[in-house]
Structures are given as structure tokens and as C-alpha cells.
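The working numbering applies: residue 6 is where the sequence shown begins, and numbers increase by one.
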Amino acid sequence: MKSFKEVVDECHEAAVTSGWWNDVNPNDPYVFGTKLALVHSEVSEALEGGRKNKMDDHLPHRKAEEVELADACIRIFDLAGARKLDLYGAIIEKMAYNAVRADHKPENRAAEGGKKF
Numbered sequence: 006m007k008s009f010k011e012v013v014d015e016c017h018e019a020a021v022t023s024g025w026w027n028d029v030n031p032n033d034p035y036v037f038g039t040k041l042a043l044v045h046s047e048v049s050e051a052l053e054g055g056r057k058n059k060m061d062d063h064l065p066h067r068k069a070e071e072v073e074l075a076d077a078c079i080r081i082f083d084l085a086g087a088r089k090l091d092l093y094g095a096i097i098e099k100m101a102y103n104a105v106r107a108d109h110k111p112e113n114r115a116a117e118g119g120k121k122f
């Protein structure tokens, strides 16, 4: 099994090889915004696939929501690789923080004004 960093690197290298980073500065804020918008589009496609219980057009043996979420991860990993971000470390730290934060406790979420979703 590949490490998390290897998957991030593989996603980024595939995008580089495909020419998605030709003459593109990954630190340009407009490039960052554009790449995030593309992540958003994949998440929206996952929503639509789940809402309509569709199978994927390109991988017809898989649910569209599954493939579109994979696409979103691929785009996120590519962007993290381009910007040399420690995505794995950030995920681990954020999960640890979320495990103890008050607004994530069931009783606080159920309370008046709590996070319902």
C-alpha cells in the first residue's frame, strides 16, 4: 500500500504530465482559487450523482458519487502537491482538534443553536 504522501505526489505528477501545470504558478492566488473551484465542481457532481442515485459515466460499475469524490480528492492532492503542503499532517492534527472541540460534542450539537449539520 502506498503512503499518503506517495498518493499526493502521484496525483500531482499525473497533472504535471498531462500539462495542467504548464506555465502555471501554483502560488498565484488566482490559480489557487481556480483549482479550488474545480474541487468544488467535483463535489457538486458527487452531490448530483448521489441525489439521483446515478452510476458513473466513465466507470459504469461504480456509483457517480464515489467517482466524483475520488475526483475531488485527486484535485485536492494535486493542489497540495503543487504547493508542497503537508496535507496528511494537517488532517491528523485537525482530526485531533475536532475530537476535543466543544461544538463537535453530541450534546452541544443537539442544544439550541448547535451545529445541526
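All C-beta atoms in this analysis are idealised placements derived from N, C-alpha and C, irrespective of residue type, glycine included.
Computed from a predicted structure; not experimentally measured.
Compute the Euclidean distance between the alpha carbons of residue i and residue j, then round it to the nearest angstrom.
| i | j | result |
| --- | --- | --- |
| E70 | G86 | 24 Å |
| H63 | K89 | 30 Å |
| D76 | V44 | 8 Å |
| F9 | V105 | 24 Å |
| P65 | K57 | 15 Å |
| N32 | C78 | 20 Å |
| A115 | E18 | 44 Å |
| P5 | L41 | Not covered by the structure: residue 5. The range shown for the chain is 6 to 122. |
| N131 | K7 | The requested residue 131 does not occur in the structure, where the chain is confined to residues 6 to 122. |
| M60 | K121 | 30 Å |
| G24 | P111 | 46 Å |
| R67 | G38 | 30 Å |
| E117 | E11 | 44 Å |
Contact check, residue i vs residue j under 8 Å by CB: the rounded distance?
| i | j | result |
| --- | --- | --- |
| E47 | R80 | 6 Å |
| C16 | D83 | 5 Å |
Is it the case that the Cβ atoms of residue i and residue j are separated by a distance below 8 Å?
| i | j | result |
| --- | --- | --- |
| E50 | E73 | yes |
| V13 | L92 | yes |
| V36 | N27 | no |
Quick one: is the Cβ of residue i within less than 7 Å of any heavy atom of the ligand MN?
| i | result |
| --- | --- |
| D62 | Among the ligands in the structure shown, none appear at all, so the ligand MN cannot be discussed. |
Just list the alpha helix (DSSP H) runs in the stretch 9-89, keeping only unbroken ones of 4 residues or longer that don't cross its boundaries, in chain order. Within the stretch 9-89, the alpha helix (DSSP H) runs of at least 4 residues that lie entirely inside it are, in chain order, 9-22, 34-56 and 69-87.
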